[in-house]
Each structure stands twice: as structure tokens, then as C-alpha cells.
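To start, the structure under review is shown below, and the notes come after it.
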Amino acid sequence: MGAGPEWDDAIRQGLGQLTRPFGTAPVDPVAGARSLAASQAEIVRASRFGIPAQVHEECLTGFAAWRATVYPAPLSWGASFDPELVEQVAAQIGRSMRRAGIHQGLAPVVDVTRDYRWGRTEETIGEDPYLVGTLGAAYVRGLEGAGIVATLKHFAGYSNSRGGRNLAPVAMGPRELADVLLPPFEMALRLGGARSVMNSYAEIDGMPVAADESILTGLLRDEWGFEGTVVADYFSVRFLERLHKVAADGGQAAGLALKAGIDVELPTVDTFGAPLVDAVKAGSVDEALIDRALRRVLVQKAEQGLLDEGWQPLPGPAEDVRLDDEESRELALRLAREAIVLLRNDDAALPLNPAAKVALIGPVADDPMAMLGCYAFPNHVGPHPEQGLGLELPTLRESLAALVPGLAHARGCAITGADTGGFAEAVELAASSDVVVLAVGDRAGLFGRGTSGEGCDATDLRLPGVQADLVQAVLATGTPVVLVLLAGRPYALGDEVAAAKAVLYGFFPGQRGGQALAEVLTGAVNPTGRLPVSVPRDAGGLPATYLAPPLGRRSEVSSVDPTPAYPFGHGLSYTTYEWSDASAGAAEWAVDGEVTAAVTVRNTGERGGAEVVQLYLHDPVAQTTRPVVRLIGYARVPLEPGESARVTFTVPADVTSFTGANGRRVVEPGDVELRLGRSCADAVATLPLRLTGPEREVGHGRHLLAPAHIDRNPRRAEDEHIRDADCRHGTRARTRARPEEPSAQGRQLLGPRAAPRLAALLAGRPAAAVLPDLPVRADDRQRHRLQEVRARRQPLR
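For what it's worth, the numbering used here labels the leading residue of the sequence shown as 2, then goes sequentially.
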């Protein structure tokens, strides 16, 4: 990539963005905050404009900084089916970032998983757009509510690369893009209020997204009404020249990106520096494109108070900056507990018998890094032995030993490599034990430094190294085996693991993941997680998520059976639930109306738990092929023993919409089914309905949610009489909030003294003369937004 300018040269004319001051090396939080404040002071002094930089950091599994709490990876968010908790986690992350002087977070990832071999599967929330969209929007609300600009990644199509290879070309039709990959971005913008979007590295049908005006401007801004900033994924502008070969040099690459709609080049000044200046002077790039980007970023800075007189780089004393406190660790633990998924439990093998002699075997059993995703600081930045991890990170072995006296341990093998020298010890230990907990899985890393993560793609879904052979060797002893997976993708669990008595899955459960797993294994915690991705039966029958039309499933015309070992939405519990009295509010459903679907759920077991009620749509005959079922609503329902609840979904007809034969999104009249189920493959009740009326075209302003209201039985009414799968936003969806009206939560007032400075910068002067190397933000819509803010709140004096 192009080398960035020296610091003094970079700040002489001002600086748009400051890249990851905490996220590239171990930095003490207090010292880092002081250093950042000093850097901002230099930036302000260096140019005649006196404008600070907007500072960004990664925050996918927490603030990606040394000594910062590491939360479970996004697949664990998906496994929780708990938007409220995800929002709380994001708010806590955002508050820690704001204390440190950060303005923008490069999260969440709202790509929908399409091929589990892709290394970045661990960064996604799951394989279903409704689940990804609702949880992604929740994360955005939390981050934005803390005053951090949330950045949606990676717009759009990135996760559908050929062969599951990072940055590989994307081959898909417009329907798949519109119906599967785009809805989570719509939800995160409309229901979350994200103020920034990051482009995808990928090309779609030969057109790199970084140069695609139809996506970054036509769709995102003109159709959806987005008014925030579009930031380039790292080096993606230069990649137009170096990798995609659609630009001859940096100047042409910068021109293509600006014209497409990218406002900010990250991570450093490269093509938007000298190459762009030269291209403008040569007349090959229109200076008006720089003006447009400049206004967008300046307005975003104004929204954050960066243009206010008396602005301070930190909201409080640097000495108060703490990135890992007890409250944060407890939130991380709560999410980890909710995200552990029990896939199988034959003969009630779990919880572990307190009197049993337990052996813990496997390469991830005593590896603290097995808890962390690739965007956790220790994995993302790499080892710094002299600094240490910077946080307490108990392993599964440490956590389980605290609950299981006499726990024995053998590693068996490494995560990768062909060495089987440890098998004999593991087999001997297994044979002499009453039960074996066998822990296998991944180690996250970047670009080949791990088995999961960015640039760590897989050719198939067999466990890495010789772990599958270790599993077979331990199972062959005949000792009951509880198989535990700590991984960033679903690995094949077919006939070769059929002898395992129980299977638990943890998707990089974070800093307190070892404790959560130990509590589930011993029964201190009842598992409530559900699969956000299907677990395949065959390591090579790919790709195959549950969102498939009939011929994408098992059929008589192919010898390959893609039926998964465990379907999307599946998850068991240590208690039992009875579902009854399923009903629909009507048999006919207007194409512009709504209908209710309800079921009563009762905890018939002896301990408290949480059932996840899932609502699926089945469209038996449509003008284009449709998935056999797709998720359109869900509700997480905590229930004590003997307690029951009535779960009622309000389902707008808009959620049945899809891209029709003419390429437009439509609600089509005809017969449909609403299926209430425990997973996509386990429907407890089917409610046949008929959509009536003429075919109806819908767009970005359509209803996006089917909110769920939970009415508890009378003896619990005083405690909580209504819960909501996304309760605070159900009303918002029903009132059809305008696409351009993001969540008000977390919007900071434009600084009362910012407007004169902004006007002075923009009035009558070309952007290149104001900040020649600085891509930034505002178009005509944004000026209207400034006027709306003035009218709603207070005069900008």
C-alpha cells in the first residue's frame, strides 16, 4: 500500500481521521488517553482551521485496546437471540470508548453468512437476515446511544465470496443481494440510526463496490436516504489499482471512489493525498466531488461537537479511563451464558454428575486464546509477551477445575499440525475416567495466523489439524464423551461424532467464556442459546445455509444431501417446555395489513430457563423461487418452573415481501403459512393464511419487524407483564418511521457555536482550498437536516 505522510506533513492542513491510537500496540489506557489528547492538541494548532480529527477504533468484540474487556464474538450475539442484552453490551463498549476520546467505532458487521468456510464467519451474527438485522440494529442503538458513530460493515455482498475466500469475487443475482444481504443494513440504518457505512472489498459481477456508484450513492443515498459518511475499508481505494485493476494509478482510484460515494479514505492519507491533488490539477477528477465529501464529514464532526469553541479531546480526566471493570465483565459473562448452545444431550449426560471422575481433554481446553475472536485485541494485534494479555482470561480448564474437584487434564494434540504424539496420554486418561469433556475448535487470527478470522479461510469444515482423529480416538474408548466446540464457524458434526453423549457449542464466548462453559457443564447455568448458523453433517457439501428453495435441499435429482446435523435455531435445555393453543388472529390477511400469531409456552420442568419462540414464513407458491422457510420474528421467553406465557406476534404483511419477477419488491397475494417453531426444522404449529388484495409494491419504508409481546400468567403479572423481542422499536416499525429518520437516541446536539465555523469553512470556498487532503461530509440533504435540528432543538448561535 502507499506509504502515509509524516505526522507534521499530515496535520499541516488539518486531519480528517485519526486511526486506532489504542489498537495497534499495547498502550496503557490512561497513558493512551493522555497521548491522544496531546495529538489532538497538535492537530488543532497545526492548521488555520483548528479542527480536531475524528478518531476511530475497532469494537466488534469490545473496544479493541489493551486492558479492555473482551466480549463474546458476534456469532454469540446471534446465539443469544437477545437484542436487549446486545444493546446493553454495545452501550457499555461505547461508553468506554468515549471516555478514551474515541468518536467512531468500526462495527457492527451485518454481513449475512453464506459460506461457513469464509474465515470472517466468526464476525457475522448468523446466516439469517432477520436475526442479523435485529441484533445488528440493537448493537448500533447501544453504540450510538453512547455517542459513538456506528459503522456498518461491509456494504454490500462481501460475505458471498466464491469458495468462501476472503476478497474473492462475488457471483450472485440481484434478488439474492436484495432479499438476503441488504435487509440487515436497512434495519441497522432505520432501526438503529447508524451514521456511517463501510464499503465492501468485494466485486459483484465484475464491479468493485468501492467504485460502484449505483450501490454507494444510488441505493444507499438516493433510494434509502442515508445522510452519513461512507468510509473506505482499509486500503480498499488503493485496491482498485493494485488488486481489482480498474484504475491505472492512485489518482484514478481516488476519483473512482469519490464518484462512487466514498467520503473518507482509511486507514491513512494515501490516494486521497498527493495523487488526488494531482488528479484535480490535471482535470481528471472533479473538485466538486471533494466538496461533497468534505461537507459530509464536517457536518458529522459538527454533530459531535468537534467544531465547538472550547472543545476538549476527553470528556473527563485521563486518570478516569478504565477499559475493563466489573460491570463490563459481568455483561460479558451474561452474554456468554446466554450464547452457549446445547446441541445434544443423550441419556441426560449433562449436567455432569458431581460424583463422576471427569477428564478434560483437547487442545482448546487450557488455551485462553480459544475464547477470543480475531478482532479481540490479543489476537488482532498479535503477541506481546513482555506486556502480557492485559486482562484476566481464565481457560475452560481453570474454570471447570474450580467446580469439579479432581479434574484431570490431557491436551491430546495441538489445534493445528499433524502431531499425534499426545493421543496415547489422552486415550489412557479417557479410559480411566467416568466421563470425558473433550474440547476442540479454533484459534482466531489474521491472514493465516489462525484457523478462523480475517484471511483464515478453510477448504472444508473438518476440524483443523488432527482434532477429528483425536475425537475418534477418545470416542473409541467407550467412555461417555461430552464434546465441546470453541470455534468461529460451524464444523461438520455427522456420523463420526454420533457416539458423543452430549455436544456443546461456544462461538468464541469472550473473556468470561470459560466460566460460562463450566457453569453450563456443571448445571449451575441452564443453557438457552440457539444456533445462529446450521451445523453441517458433511464437511464438504458446501455452501448450504437453511435459506434454500426446494431444490437447494435434499432431492431425488442429486446424490448429495445437504441436510444439516443441527438446523438453524436449534438448541436444547435442562428443562422442558410445552407449547399449546397456537392461533392466528384471522384466516385472511390483507396485503397492506397485519395479522397476529400466538402460542402459549409453559415451563414443565423443574428449573428456570428461557425458551426461544421462532416465527417462520412458508410461501408454497410464488412468482420466483423462495426459501422453504425464513425467520420473520422471534422472542426470548424466560420462564420459571410451572410458569407460562402467551407469546403474540404482530405480523405486518410487508415482512412477506420479496423481489418479484419484475425486479421490484412486492407483497404477493395468495396462500402462506406462519410456522411457530423451536428451529427452522422443528415447527410446533402451522397457521395457514391467505394474503388478499392486489399485488402491492413496497420499498425501503416498509415495515421491517414482527414484534412479539409476551403476556405472563397472573401470578407473575406484577413482575413483568409484557416483554418484547425488540419492544422499544415495535411501535416504531408499525408507524413506518421514515428511512431518513434514524434513532434519536444518542444523537448529540450540533455544538451551539459550531455553525458559524462550519458556514465560514463552506461558504463560497472550494473544498480543496479549505482542506486539500481531507475527504469529509455534507450534501443538500444534510443542509436540510441541519435546518431540522435547529428547528427542533435550539438556535445555532
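Heads up, the beta-carbon is just placed ideally off N, CA and C, and yes, glycines get one too. Computed from a prediction, not measured in an experiment: that's the story for all the values here.
Opening and closing residue of the alpha helix (DSSP H) in which residue i lies
i    : result
W590 : Taken as a continuous stretch (DSSP letters only), W590 belongs to no alpha helix (DSSP H), being part of the beta strand (DSSP E) at E589 to A591.
Y578 : Segment Y578 to A585 is the beta strand (DSSP E) holding Y578; no alpha helix (DSSP H) there.
D620 : It is not in any alpha helix (DSSP H) - D620 carries neither H nor E in the DSSP assignment.
P1   : Here the chain comprises residues numbered 2 to 798, so residue 1 is not present and cannot be evaluated.
M98  : P84 to R100
S77  : P75 to S81
G33  : P30 to A47
Q301 : E288 to E304
I416 : Careful: I416 lies outside any alpha helix (DSSP H) and carries neither H nor E.
E123 : No alpha helix (DSSP H) contains E123, which DSSP labels as neither H nor E.
A275 : A275 to A283
Three-state class that DSSP yields for residue i in the structure shown
i    : result
Q105 : strand
R345 : strand
R766 : Below a pLDDT of 50, predicted positions are generally treated as unreliable, and R766, at 47, falls in that range; no measurement from the model is reported.
P384 : coil
P653 : strand
N161 : helix
A254 : helix
A477 : coil
G643 : coil
T218 : helix
M173 : coil
K154 : strand
G148 : coil
D223 : helix
Y140 : helix
P799 : An answer regarding residue 799 cannot be provided, because it is not within the stretch 2 to 798 covered by the chain.
Q18  : strand
F659 : strand
R196 : coil
E455 : coil
I52  : coil
T230 : strand
E698 : strand
R330 : helix
E497 : helix
L361 : strand
I12  : helix
Y131 : helix
G541 : coil
L518 : helix
L1   : The chain is shown from 2 up to 798; residue 1 falls before or after that span and cannot be answered.
Q468 : helix
V71  : coil
L404 : coil
Assumed close pair residue i, residue j - CB separation to whole angstroms, cut-off 8 Å
i    : j    : result
I263 : L217 : 7 Å
E266 : A319 : Incorrect: roughly 30 Å between the Cβ atoms, too far for contact.
G229 : R191 : Not quite, the Cβ-Cβ distance comes to about 13 Å (not below 8 Å), so this is no contact.
P30  : L324 : 5 Å
L390 : M372 : Contact doesn't hold; Cβ gap of about 11 Å is too wide.
Start-to-end residues for the beta strand (DSSP E) that takes in residue i
i    : result
N604 : E595 to N604
Y506 : A503 to G507
P689 : D683 to T693
Q512 : Careful: Q512 lies outside any beta strand (DSSP E) and carries neither H nor E.
E58  : Q55 to E58
S434 : First-last for S434: undefined, no H or E at that position.
L848 : No statement about residue 848 is possible, as the shown extent of the chain runs from 2 to 798 and does not include it.
V668 : R666 to V668
D672 : G671 to S680
R713 : A709 to R713
Worksheet entry | contact_flag[the stretch 616-632, the stretch 647-664] where n(CB pairs < 8 Å) is 3 or more | Contact between the stretch 616-632 and the stretch 647-664 is present: three or more C-beta pairs spanning the two stretches fall below 8 Å.
Check your understanding: Taking three-plus beta-carbon pairs below 8 Å as touching, is the stretch 507-514 in contact with the stretch 67-86?
Key -> Contact between the stretch 507-514 and the stretch 67-86 is present, with at least three C-beta pairs closer than 8 Å.
Touching by the beta-carbon criterion (3+ pairs, under 8 Å), the stretch 298-309 and the stretch 19-38: Counting Cβ pairs under 8 Å, fewer than three are found: no touch.
Worksheet item: Three or more beta-carbon pairs under 8 Å between the stretch 269-280 and the stretch 123-136, yes or no?
Response: Short answer: they don't touch.
Problem - Three-pair Cβ contact test at 8 Å for the stretch 499-508 versus the stretch 343-360 - result: Yes: the two stretches touch, three or more of their Cβ pairs being nearer than 8 Å.
Review point. If we count Cβ pairs, one from each stretch, closer than 8 Å, do we get three or more for the stretch 422-438 versus the stretch 392-412?
Key: Inter-segment contact for the stretch 422-438 and the stretch 392-412 is present: three or more beta-carbon pairs are separated by less than 8 Å.
Stretch pair the stretch 409-429 + the stretch 465-481: three plus CB contacts closer than 8 Å: The stretch 409-429, when compared against the stretch 465-481, does touch it at the 8 Å Cβ threshold.
Inset, instruction - May I ask you to verify whether the stretch 529-538 touches the stretch 563-582, counting CB pairs closer than 8 Å and requiring at least 3? - result: Yes, since at least three Cβ pairs between the stretch 529-538 and the stretch 563-582 fall closer than 8 Å, the two stretches touch.
Could you tell me whether the stretch 327-345 touches the stretch 376-383, where touching means 3 or more Cβ pairs closer than 8 Å? The stretch 327-345 is not in contact with the stretch 376-383.
TODO: Taking 8 Å as the threshold, find out whether the stretch 48-63 comes into contact with the stretch 473-489 through three or more Cβ pairs.
DONE: Verdict: no, contact absent.
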